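**Q**
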């Protein structure tokens, strides 16, 4: 029995060391000089505009090194409301670093797809004034990136996040949210983890990375609201400024296989234990029957 237990433990150690544990990568060091080369500026916009301008498009390049690279496409906006995921173990670390702005003041430009495409190709850092401020609202920290006047273009930064492979973003309407997983990572397994809510679009880019996209263009009506609209034959207005919590749990593509192997090993171990228990139970019952038969013979 002991050799079976040792064999199972040995196999589980091999599975764990074969890729279940991710390497810890140190955080990048920040610099006072903005470096746009670490970001990907992609004019990820639909062809139609929303109320005369493009909705804010936020792309999150997820990683396993406790940081996320964020690139916003803003069209005539005067500030960004950033709700960070704070790491309680890192008190003296700046949440935002390497802030890069590529664009111009809205008064100097006109909104168009070609404008954002030109910005993404040129990648010239703009001398746009901004300030950072913090405010705690209902126990949640908000970081405000304020511009001296409305701008149009790209705003990128690196954000420190807690350890782990879970990411949560609070999206305002109207907005488009895209999360790009690291190469070799995936999501969607019903046991290991998936994206919530279900993305509106999933595709793979030319680097083989999984891209998840959510279109948060307006307030979603609940089933109860739709029933009431049907009963009273009248449309019920919903708030124009709402938030949506978007989360994703990502992991290596090999994780489901490792989970399957671990499940098979544990199931085999359970079957061995049960079989050994039934075998010993049978021996004890047979021994008891022999003892009872011997006592009867003596009488």
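In the working numbering, the protein residues as written are 194 to 492.
Cβ coordinates follow ideal geometry from the N, Cα and C atoms, glycine included.
Keep in mind the model is a prediction, meaning the values are calculated, not measured.
(1) List the endpoints of the continuous alpha helix (DSSP H) containing residue 306.
(2) For my contact list, residue 338 and residue 278 are in at a C-beta cut-off of 8 Å; report their separation, rounded to the angstrom.
(3) Considering only the beta carbon of each residue, do residue 322 and residue 295 sit closer than 9 Å?
(4) For residue 231, which of helix, strand or coil comes out of DSSP?
(5) Pull up the distance between the alpha-carbon of residue 333 and that of residue 275, whole angstroms please.
(6) Answer with buried or exposed for residue 473, where buried requires no fewer than 16 other C-beta atoms within 10 angstroms of its C-beta.
(7) Please report how far the alpha carbon of residue 324 lies from the alpha carbon of residue 459, in whole angstroms.
(8) Going by DSSP in three states, residue 484 sits in which element: helix, strand or coil?
(9) Buried or exposed: residue 401, going by 16 or more other Cβ atoms within 10 Å of its Cβ?
(10) How would you call residue 391, buried or exposed, if buried means at least 16 neighbouring beta carbons within 10 angstroms?
(11) Could you check whether the region 353 to 373 touches the region 298 to 313, counting it as contact only if at least three pairs of C-beta atoms, one from each stretch, sit closer than 8 Å?
(12) Using the Cα positions of residue 347 and residue 385, report the straight-line distance between them to the nearest angstrom.
(13) Per DSSP, which one or two residues make a beta bridge with residue 409?
(14) Rounded to whole angstroms, what is the Cα-Cα separation between residue 342 and residue 319?
(15) Could you round the C-beta distance between residue 242 and residue 304 to whole angstroms and report it? I think they count as a contact, below 8 Å.
(16) I think residue 185 touches residue 405, with their Cβ atoms under 8 Å apart; what is that distance to the nearest whole Å?
**A** Concretely, from the data shown:
(1) One-based indexing of the chain shown puts residue 306 at position 113. For residue 306, the enclosing alpha helix (DSSP H) starts and ends at 306 to 315.
(2) Counted from its first residue, the chain shown places residue 338 at position 145. Counted from its first residue, the chain shown places residue 278 at position 85. That belief does not hold up - the Cβ atoms of residue 338 and residue 278 are roughly 17 Å apart, past 8 Å.
(3) Position 129 of the chain shown, counted from the first residue, corresponds to residue 322. Position 102 of the chain shown, counted from the first residue, corresponds to residue 295. No, these two residues do not count as a Cβ contact at 9 Å.
(4) Along the chain shown, one-based indexing puts residue 231 at 38. Three-state result, residue 231: helix.
(5) Counting from 1 along the chain shown, the entry for residue 333 is found at position 140. Counting from 1 along the chain shown, the entry for residue 275 is found at position 82. Answer to the nearest angstrom: the Cα atoms are 11 Å apart.
(6) For this step, residue 473 is matched to residue 280 along the chain shown. The residue in question, residue 473, is exposed, as its Cβ has fewer than 16 Cβ neighbours within 10 Å.
(7) In the chain shown, counting from the first residue as 1, residue 324 sits at position 131. In the chain shown, counting from the first residue as 1, residue 459 sits at position 266. Distance between the alpha carbons of residue 324 and residue 459 is about 55 Å.
(8) Numbered from 1 along the chain shown, position 291 holds the residue referred to as residue 484. Looking at residue 484 - three-state DSSP - the assignment turns out to be helix.
(9) Stepping through the chain shown from its first residue, residue 401 is reached at position 208. Exposed, by the Cβ-count rule.
(10) In the chain shown, the residue the question calls residue 391 occupies position 198. Exposed.
(11) no
(12) Along the chain shown, one-based indexing puts residue 347 at 154. Along the chain shown, one-based indexing puts residue 385 at 192. The alpha-carbon atoms of residue 347 and residue 385 are separated by roughly 34 Å.
(13) In the chain shown, counting from the first residue as 1, residue 409 sits at position 216. Beta-bridge pairing links residue 409 to 368.
(14) For this step, residue 342 is matched to residue 149 along the chain shown. For this step, residue 319 is matched to residue 126 along the chain shown. When rounded, the distance between both Cα atoms is 14 Å.
(15) As a working note, residue 242 is residue 49 in the chain shown. As a working note, residue 304 is residue 111 in the chain shown. Between residue 304 and residue 242 the Cβ distance is about 7 Å, and since that is below 8 Å, they are a contact.
(16) Since the displayed the chain opens at 194 and closes at 492, residue 185 lies outside it and no answer follows.
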